[in-house]
Structure formats: structure tokens, C-alpha cells
């Protein structure tokens with residue numbers, strides 16, 4: 001009976017998953033947007049389209065207003081840090097502050113040029129960037145999130161639909177200013193991945209979209225990296241029925257707490273207590289043929305060619321030096337680094353003094369965790385290392401105004417002091433007038449590009465002296481760890497046992513012949 | 519005046535309808551799957567590297583499909599560009615190529631339109647030239 005109910009349970013799960021996976025592909029919408037008179041007009045701007053959308057979708061814009069996609073702000077409930085794209089700095093393009101006109105090409109809205117942006121406007125919400133199905137909707141790179149003039153807004157508006165890997169990817173694949181630059185596990189190869197690249201998103205297999213895992217409630221998408229869940233307690237829970245339910249954007253939502261079902265693999269379930277699924281199942285980063293950036297040295301920027309234009313050096317299709325950005329290195333199909341992680345991420349904020357860590361870097365973000373806190377597991381991360389501008393007198397990271405064509409723009413006039421002064425003024429922060437450079441590092445969790453089971457990390461890649469987990473402390477890993485004393489006494493006991501057996505054998509032989517003689 | 523306005527409205531609606539129809543002729547997303555998982559895979563294995571749609575302009579791609587010549591230019595049917603989207607071709611590689619197997623039932627002319635729509639969508643002079651196909 002127990003076995004039968006187990007079978008019924010798993011069949012049910014497979015059915016639900018199948019419905020989820022195939023639903024987006026086979027289901028047709030109940031609304032044909034080409035038939036809506038409101039959309040059969042020539043739209044002059046994005047906000048005009050939104051005005052038409054919200055006539056029917058009356059709550060949508062207000063829902064968007066509450067999300068991180070709109071505010072670029074997030075209050076971490078654990079450490080009370082106010083983070084989000086608007087507040088943090090990184091060591092790629094550093095910060096959108098004072099560069100909003102350019103960076104908000106990836107904002108889910110229209111018109112965020114400066115600090116005066118109206119966050120209460122419903123018409124400023126960009127519906128099309130997420131719901132375009134045509135691939136014809138493109139935002140302009142330097143116009144505060146407004147679409148390119150060449151976009152036929154009526155055509156796009158009449159062909160809206162569910163989100164896809166393409167719509168999410170138009171920003172998330174290109175974070176940091178280019179394809180695959182930032183994450184290490186996300187680039188446009190995931191638009192059409194095969195099974196080897198990602199078992200879930202396989203375009204001719206399960207064909208997951210981003211929202212299959214990152215399920216939203218009221219337009220609020222699950223799976224924030226500002227406060228991720230490193231160790232999940234709930235078992236299966238694919239559906240998010242309420243906003244207070246644990247988010248489902250992690251492996252256990254579908255795979256449960258004992259994901260390895262085959263008897264010969266069940267031992268691996270013990271590993272899952274201390275090791276994130278990603279550690280074994282995402283063996284390498286940037287596997288889709290797109291290199292990810294690994295280092296970025298802003299201090300070498302500023303070299304111009306004879307015609308006064310920024311110098312550029314390309315190697316293997318990658319920009320390795322740019323007069324506007326400095327030196328950049330790349331990695332492709334590479335092993336991640338591993339850390340203990342409990343889900344708490346602490347950011348180095350602009351109003352905090354920088355602290356150089358023992359490793360010689362300022363940690364722009366710190367993934368907290370330890371082997372003993374009961375909340376951590378070993379996670380794979382991409383660690384991005386850079387050299388970025390800071391204020392040596394105030395001892396703080398700074399906001400450089402890089403974009404635009406004004407007098408202070410670094411990419412136009414290559415004057416760090418002017419660029420930082422403008423950036424700090426815009427951010428309302430003090431600046432001493434001196435710019436220097438400091439080494440920084442930032443970690444990014446690796447969650448995508450899940451390989452087929454046959455390509456998972458093999459046992460001996462960790463259970464060995466110089467394996468992947470060689471730098472992970474606080475846990476005994478057979479094959480890697482050994483106590484010299486324990487080894488000495490172990491071998492001593494083995495030797496004494498052998499000596500004892502040999503002596504005993506000789507004794508038996510001797511006594512045998514002795515008895516025969518007497 | 520009224521007559522002019524209604525004529526103008528009909529004209530605009532017809533224009534919008536026509537442009538939508540023109541765009542919808544091929545499904546570029548399906549074409550992308552076939553291009554990346556069948557065309558590119560074979561090119562990497564047998565022709566020494568992938569060909570990005572961004573290597574040609576829209577006009578060059580149109581010309582390529584009009585001439586219908588592919589690979590060794592001996593003009594035999596086996597080397598027609600259309601052969602490589604044919605059911606016969608997909609059937610011949612279905613055991614080693616999952617995309618060909620999955621897309622086996624799509625009519626040849628429809629699949630060809632899908633591939634054309636994809637290269638048109640990401641050609642050198644398109645709004646978003648393809649980077650890594």
C-alpha cells in the first residue's frame with residue numbers, strides 16, 4: 001500500500017511538472033491581441049502602449065511598482081541592508097548612479113534619466129520588454145529605457161504573450177554590458193540550449209523558460225540573489241500559491257530533499273545535507289561557447305589611439321583592452337570556486353569605509369557561511385576580481401560618471417576626477433577630490449547550465465588531495481583529509497597485527513613440529 | 519473629409535495587418551532552434567566552424583536562398599540549401615540529432631521559412647546582429 005501511494009505520488013509529480021513544462025508551449029491564449037481596437041493604432045511611444053495595456057490589465061502596473069524590477073531596491077530582512085541595483089556598487093560597470101540614462105535600458109520602465117524619475121507613474125511601466133514574443137522590441141541604449149525608434153510598437157503590442165528565455169535574457173544574459181559578461185552561468189547560449197548545456201532548458205527537451213522556476217506572484221519574480229536560500233527546508237513545492245510561501249526557484253522545489261532515487265546513488269542524498277545541488281551538477285561555468293569576464297582593471301583605462309579614439313584590442317572575439325574600460329580577461333568552460341554559503345549576502349555600500357581583506361581584496365559582496373552554523377552548504381560561485389576607482393582619503397568606493405557625452409563623462413573625456421566628482425554629486429555623497437584604484441572582488445552564485453547526470457562532478461574530483469574542495473575547511477572529506485597521527489597509529493596497529501599474525505603462524509608451525517618430535 | 523479619415527484608418531489597419539502577416543511568415547524562434555542545433559552542429563563537425571547569421575546581410579541571405587546552393591557548388595539536388603531542411607535529410611540524421619528528430623514532422627517549406635525568418639532577424643544589417651550562432 002505504501003509502495004502504491006509512493007508510485008501515485010511520483011506519477012502525480014511528473015504529471016504536474018509535465019503540465020508546467022509543456023503548458024507554455026502548447027497552450028493558446030484566450031485573447032488574440034491583434035483583435036483589440038485599442039492596439040490597432042499607431043503608437044508613438046512606449047508609455048502610449050502601456051496606457052492601452054492598463055485599460056484592461058488594471059492592476060498590472062501597480063503590481064510592477066512593488067517589485068525589484070521596478071524599484072531596483074531591496075531591503076534585506078536578515079541584515080537590514082538597503083541593497084538593489086540602485087544602491088549597490090559592483091566591479092563591472094560599477095553603478096547605474098549618475099549613468100541612469102544609459103543603464104536603464106535594462107529597467108522595466110520608461111524615462112528614468114535622473115533622480116527625478118516618477119516611480120508612481122503607471123504609464124512609465126514597460127510591459128513590452130517582458131511580454132514581447134516577436135523579438136522585434138528593442139530598447140535604445142542611451143534613452144532611459146525607451147524603445148528604439150525603428151520598433152513597430154503596434155506590431156509588438158498586438159503580439160504580446162508570456163515571458164520567455166529571450167525576454168528575460170535581453171537583460172539578464174547581457175548583465176555587465178555584454179553577452180555573458182557578469183554571471184558565468186547565463187549568456188545568450190541559453191536562448192536555445194541543448195541538453196548538454198542545460199537539462200531543464202533544453203530547447204528540444206523540457207524547454208523550461210525562466211519562469212518555470214522563477215515563478216511570480218503579482219508580477220513579483222521569485223529567486224532574488226540579494227537574499228537567496230542556500231539551504232532549503234521545505235520538500236516538494238512547485239506551486240507558489242501565496243507570497244509568503246518559500247520561493248520555488250531552487251532545485252528542491254521539484255526534486256525534493258532526497259533527490260537521488262536509484263538505490264546505488266542514495267548515498268548521495270547524505271551529500272545534499274552539506275553540498276548544494278549546483279556544486280555537483282554544474283561542473284563548469286560558461287559552457288555555451290560564450291566567454292565570461294573574470295577580471296577587469298579600470299586603472300589602465302584611458303589609452304587613446306592616434307586619432308584620439310579609445311584604443312581597443314580584441315583577441316578571439318573578446319575585448320581584452322578598451323581605452324574606456326581598461327584591461328579585461330575572460331574564462332570559458334571553467335571550474336567555479338567553492339565556498340560555505342548560508343544565504344546571507346553582505347554588500348560594501350557607498351557610505352561605508354572599505355576594508356581590505358586578508359586576501360588583498362575589498363569584498364564588494366561577501367557570501368556569509370560556515371561549516372558550523374547549521375544553515376550553510378558548499379556552493380559554487382564565480383569570483384570576479386577587479387581594480388576599480390576609490391577615494392583614498394575618504395576610504396570609500398566611488399561613483400564614476402562614465403556614460404553620456406557631457407563634460408564629466410569619463411568615456412568622453414577620460415578625466416577620473418571630473419567623472420567621480422559628477423558621480424558623487426549625483427549620488428549626494430562626499431568626495432575628497434582624489435582618485436586612486438583598489439583591488440576588489442565580487443561573488444556570483446552559479447545556478448544555471450545544469451549538466452546531465454553523466455557530466456556531474458565525479459567522486460574523485462573532490463575526494464582527492466588537490467580536488468575541487470581543497471580549500472573548503474571545517475568538513476572531513478575522505479580521500480582529501482588525513483590526520484598524520486591517526487595515520488601513524490592506524491598503520492602501527494596494522495603492522496603490529498601483521499607481526500602478531502606472522503608470529504602466531506610461526507608459533508603454530510613450531511608447536512606442530514615440536515609435538516610431532518615429542 | 520470624413521471619407522478621407524475612414525480611408526486613412528482602413529489603410530493604416532491594412533498596413534498593420536500586412537506588416538504583421540509579413541513578419542509572421544516564418545517563425546524565427548523555430549528557425550533558430552533548427553539553425554543552431556542542426557545547421558551549426560553539422561558545420562562545426564564537418565565544415566570547420568559555425569556560420570553566424572550576422573556574417574551576411576539580409577539581402578545576401580535572400581540571395582543565398584534564392585540561388586538555393588549549399589556547400590560544394592556542384593548544383594546537384596543533394597547540395598541545394600533546401601535539401602538540408604528536407605524531411606529526407608532530417609530522417610537521415612534523426613538518430614544522431616535530437617533537434618532533427620523533434621522537428622521531423624514540420625513540412626519542408628514551413629521549416630525553410632522559419633530558418634529564413636531567423637537569419638533575416640539576426641543578419642548583419644538587422645537591429646540585433648547575432649553574436650554566437
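Chains as they are written, first to last, in this note's numbering: chain A, 1 to 518; chain B, 519 to 651. Using N, Cα and C, we set each Cβ at its ideal position, and we do this for glycine too. The model shown is predicted, which means the values in this text are computed figures rather than measured ones.
- Contact annotation: residue 444(A) and residue 384(A) have beta-carbon atoms nearer than 9 Å.
- For residue 358(A), there is no enclosing beta strand (DSSP E), since its DSSP letter is neither H nor E.
- DSSP places residue 47(A) in the uninterrupted alpha helix (DSSP H) bounded by 46–56.
- Interface with chain A (9 Å Cβ-Cβ cutoff): residue 645(B) is included.
- In this structure residue 173(A) is buried. Its beta-carbon is surrounded by 16 or more other beta-carbon atoms within 10 angstroms.
- Burial check for residue 559(B): the Cβ neighbour count within 10 Å reaches 16 or more, so the residue is buried.
- The bridge partners DSSP lists for residue 139(A) are 147(A).
- Just so you know, the alpha carbons of residue 90(A) and residue 347(A) end up roughly 9 Å apart.
- The C-beta of residue 640(B) has 16 or more other C-beta atoms within 10 Å across all chains shown, which makes the residue buried.
- In the DSSP secondary-structure assignment, residue 112(A) is not bridged to any residue.
- DSSP places residue 493(A) in the helix class (H, G or I) of the three-state scheme.
- In the DSSP annotation of this structure, residue 407(A) is not part of any alpha helix (DSSP H), being labelled neither H nor E.
- If you draw a 10 Å sphere on the C-beta of residue 314(A), you find fewer than 16 other C-beta atoms in it, and that means exposed.
- For residue 365(A), no alpha helix (DSSP H) segment is defined; the enclosing uninterrupted segment is the beta strand (DSSP E) at 365–367.
- Chain-order list of chain B residues neighbouring residue 148(A): 645, by C-beta distance under 9 Å.
- Residue pairing for residue 441(A): DSSP places it in a beta bridge opposite 363(A) and 385(A).
- Residue range 292–297 is occupied by the beta strand (DSSP E) that includes residue 297(A).
- Against chain A, the CB of residue 579(B) has no partner CB under 9 Å away; the residue lies outside that interface.
- Within the segment 579–618 of chain B, complete alpha helix (DSSP H) segments of at least 4 residues are found at 605–611, given in chain order.
- Pairing residue 122(A) with residue 50(A) gives a Cβ-Cβ distance under 9 Å.
- In this chain, the alpha helix (DSSP H) harbouring residue 638(B) covers 626–640.
- In the pairwise beta carbon analysis, the segment 348–364 of chain A is classified as not touching the segment 52–61 of chain A: fewer than three pairs are separated by under 8 Å.
- For a Cβ distance threshold of 8 Å, residue set 550, 551, 554 and 555 of chain B lies close to residue 192(A), ordered along the chain.
- Listed along chain A, the residues sitting closer than 7 Å to residue 639(B) by beta-carbon distance are 135.
- Put simply, the backbone Cα of residue 503(A) is about 16 Å away from that of residue 492(A).
- Against chain B, the beta carbon of residue 105(A) has no neighbour under 7 Å; the closest one sits roughly 13 Å away.
- Residues of the same chain with a CB within less than 7 Å of the CB of residue 414(A), apart from the 5 flanking positions on each side, are 302 in chain order.
- Around the C-beta of residue 135(A), 16 or more other C-beta atoms lie within 10 Å, and the residue is accordingly described as buried.
- The segment 251–298 of chain A is shown to contain whole alpha helix (DSSP H) runs of 4 or more residues at 252–255, 268–271 and 277–281, in chain order.
- Across the structure, residue 377(A) and residue 459(A) are spaced so that their CA atoms are roughly 18 Å apart.
- Comparing C-alpha distances from residue 380(A) to each of 280(A), 202(A) and 265(A) shows the shortest one belongs to 280(A).
- By the Cβ test, the segment 97–116 of chain A is not in contact with the segment 605–621 of chain B, since fewer than three Cβ pairs between them sit closer than 8 Å.
- When Cβ-Cβ separations below 9 Å define contact, residue 617(B) makes contact with chain A.
- Nearest C-alpha to residue 87(A) among 428(A), 438(A), 157(A) and 33(A): 428(A).
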